[in-house]
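Residues in the sequence shown are numbered consecutively from 18, following my numbering. C-beta atoms are modelled at their ideal positions from N, C-alpha and C, and glycine is treated no differently. Since this is a predicted model, take the numbers as computed values, not measurements.
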Amino acid sequence: MRENFKPPKADGPLLPVPPIREGASSHIASNPASAAHLSAAGFPEKLPDDWKEKIVTRLGELTDKYKSLKLFMDLCVKCGACTDKCQYFLGTSDPKNMPAARQELLRKIYRRYFTVGGKVLGKFAGAEELSEETLKEWSTYFYQCSECRRCAQFCPFGIDTAE
């Protein structure tokens, strides 16, 4: 029975991948809450002076607690299998809206502060210093993901980007 089986021929991807438009959705940003709403919720009205240390410390806590997060950041080879499955990338054609590119926004900070190569080689190892521009990119691109987990279903390594 198996020797007569022939898989169906693929005519290409299910959806055509649109041409890349760099920065197509970079103008989209989440609306910041008013100072009154922030203080009522117990949040600071502006970034505290030690915001970098707090973020790096929290990222370290998360990678220690969730080994899968650390594994996912080390494992992704950016093969692009998730790209044509992401409705936000297909809708915007912005390369930073690819699931692997969204991962890279966090991964380059992780490399800078938690890997030997990032600490020693910096940008040559794909690491980047945490900055307010990085926070702006995070708020722009992380919130454009609906966490539908289609990328995880098609990832050959099983990386769950939504995690």
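When DSSP states are grouped into helix, strand and coil, Val73 belongs to the helix group. As summarised for the stretch 33–118, the continuous alpha helix (DSSP H) elements at least 4 residues long and confined to that stretch are 52–57, 68–82, 84–92 and 104–109, given in chain order. Counting only the Cα atoms, Asn114 lies some 21 Å from Glu146. Comparing alpha-carbon positions, the option among Gly135, Arg124 and Ala50 lying closest to Ala58 turns out to be Ala50. When the beta-carbon positions are compared, Gly135 and Arg128 come within less than 7 Å of each other.
Apart from sequence neighbours up to five positions away, the residues of its chain that approach Ile176 with a beta-carbon distance below 7 Å are Phe89, Leu92, Cys93 and Ala169, ordered along the chain. Excluding residues up to 5 positions away in sequence, Leu86 and Lys87 lie with their Cβ nearer than 6 Å to the Cβ of Thr80 in the same chain.
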